[in-house]
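Trainee: Can you keep this structure in mind? I'll have questions shortly.
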Amino acid sequence: METNTINRVEILGRVGAEPRITNAGSSRIARFPVATNELFKDRGGGLHEETTWHNVAAWQGRSVPAFDDIKKGVMVHVYGRIRNSKYTGPEGEDKYFSEINASHIDICREEQSQGPAPVGYR
Numbered sequence: 011m012e013t014n015t016i017n018r019v020e021i022l023g024r025v026g027a028e029p030r031i032t033n034a035g036s037s038r039i040a041r042f043p044v045a046t047n048e049l050f051k052d053r054g055g056g057l058h059e060e061t062t063w064h065n066v067a068a069w070q071g072r073s074v075p076a077f078d079d080i081k082k083g084v085m086v087h088v089y090g091r092i093r094n095s096k097y098t099g100p101e102g103e104d105k106y107f108s109e110i111n112a113s114h115i116d117i118c119r120e121e122q123s124q125g126p127a128p129v130g131y132r
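Spelled out as structure tokens, the structure:
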């Protein structure tokens, strides 16, 4: 078994929809999309913005804020790992998807002069 591998991801973006919260035994899981944006120039010098959507799954606990604080439009800083999953679609076909399994989430506040800054959830 190889021990020198890393599966770690960190994103800073806006929550794209209200979280879907489900119960798993005595725990709760929130699933929500997060959008990240990147600005780049094309060969002609034109400025473009590219948005990437990330699926996030968070288990409520010590390093995850109360799910009530995670709302559409809020800036979040998410740490975790990529998890790939498979399920069977309605017509029996295999479907695959990736999501970030969050181990830590910071809710960011926005200050006009300084931009987003993490709020103390660490």
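Position in the sequence shown counted from 1, then plus 10, gives you this note's numbering. Beta carbons are placed, not taken as given, at the ideal position from N, Cα and C, and that holds for glycine. These figures come from a predicted structure and were not determined experimentally.
Using the three-state DSSP reduction, which class does Asp78 fall into: helix, strand or coil?
Mentor: The answer is helix: DSSP assigns Asp78 an H, G or I state.
Trainee: For a test of your reading of the model: does the CB of Val44 fall under 7 Å from any non-hydrogen atom of the ligand GTP? Yes or no.
Mentor: The ligand content of the structure shown is nil, which means the ligand GTP is not present either.
Trainee: Out of Pro43, Val19, Arg38, Glu20, which has the shortest C-alpha to C-alpha gap to Phe77?
Mentor: Here the closest residue by C-alpha is Arg38.
Trainee: In whole angstroms, what separates the C-alpha of Tyr89 from that of Ile80?
Mentor: The alpha-carbon atoms of Tyr89 and Ile80 are separated by roughly 15 Å.
Trainee: Whole-angstrom Cβ separation of Ala40 and Trp63, contact assumed at under 8 Å?
Mentor: With 8 Å as the limit, Ala40 and Trp63 do not qualify as a contact, their Cβ atoms being about 16 Å apart.
Trainee: With a threshold of 16 other CB atoms inside 10 Å of the CB of Pro100, please say whether the residue is buried or exposed.
Mentor: Burial call: exposed.
Trainee: When you compare only the Cα positions, how much space is there between Leu57 and Asn47?
Mentor: Whole-angstrom Cα-Cα distance: 13 Å.
Trainee: Under 7 Å Cβ to Cβ from Asp52, same chain only, skipping five residues before and after it: list those, please.
Mentor: Cβ within range, chain order: His58.
Trainee: How is Asp52 classed by DSSP in three states: helix, strand or coil?
Mentor: In this structure, Asp52 counts as coil in the three-state DSSP scheme.
Trainee: Using the rule of at least 16 other Cβ atoms within 10 Å of the residue's Cβ for burial, across every protein chain shown, is Phe107 buried or exposed?
Mentor: Flag for Phe107 reads exposed.
Trainee: Could you tell me if Ala68 is buried or exposed, where buried requires 16 or more neighbouring beta carbons within 10 angstroms of its beta carbon?
Mentor: Per the 10 Å Cβ criterion, buried.
Trainee: In its own chain, which residues sit with a C-beta less than 8 Å from the C-beta of Gln70, not counting the 5 before and 5 after it?
Mentor: The answer, listed in chain order, is Ser37, Arg38, Ile39, Ala40, Ala76, Phe77.
Trainee: Kindly indicate which residue of Arg24, Glu12, Phe42, Arg93 has the alpha-carbon position closest to the one of Thr32.
Mentor: Closest option to Thr32, Cα to Cα, is Phe42.
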